Amino acid sequence: MPRIELKNVSKIYFNNSVVLYALKDITLTIEDSDFLYIVGPSLCGKTTLLNVIAGLTRIESGKLLVDDMPVKGPGTIRF
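Residue numbering for the sequence shown follows the working numbering, starting at 314 and increasing by one per position.
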């Protein structure tokens, strides 16, 4: 059973009627024993992804599950 699972997760920001995708259709499975690196250039969505997993940022579409339970907000279960 995956510890953390993202299925087609998207996060959108709006800037003066311009739609900016911080994350678009991200699918990721993290098992309990996995060690994960998140790398990429500046402003590519690394921090947004971590904030989504932590429950600090809401997603526009997709599913975020921790231990098969949907994430609705921040919580200590993920740490």
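Glycine included, C-beta positions come from ideal geometry on N, C-alpha and C.
As the structure is a prediction and not an experimental result, all values here were calculated from the model.
Just checking: is the beta-carbon of residue i within a distance shorter than 8 Å of some beta-carbon in chain C?
| i | result |
| --- | --- |
| GLY375 | Protein chain content of the structure displayed is limited to a single chain, and chain C is not contained in it. |
Compute the Euclidean distance between the alpha carbons of residue i and residue j, then round it to the nearest angstrom.
| i | j | result |
| --- | --- | --- |
| GLY386 | THR360 | 16 Å |
| VAL384 | PHE327 | 23 Å |
| GLY358 | ASN329 | 20 Å |
| ASP380 | ASP338 | 21 Å |
| MET314 | GLU344 | 7 Å |
| SER374 | TYR350 | 24 Å |
| LYS376 | ASP347 | 20 Å |
| ASN364 | LYS320 | 16 Å |
May I ask you to list the residues that DSSP assigns as paired with residue i?
| i | result |
| --- | --- |
| SER323 | SER374 |
Can you look up residue i in the DSSP assignment and give me helix, strand or coil?
| i | result |
| --- | --- |
| ASN364 | helix |
| LYS385 | coil |
Given residue i, which residues of its chain have a CB within under 7 Å of its CB, disregarding the five upstream and five downstream residues?
| i | result |
| --- | --- |
| ARG371 | none |
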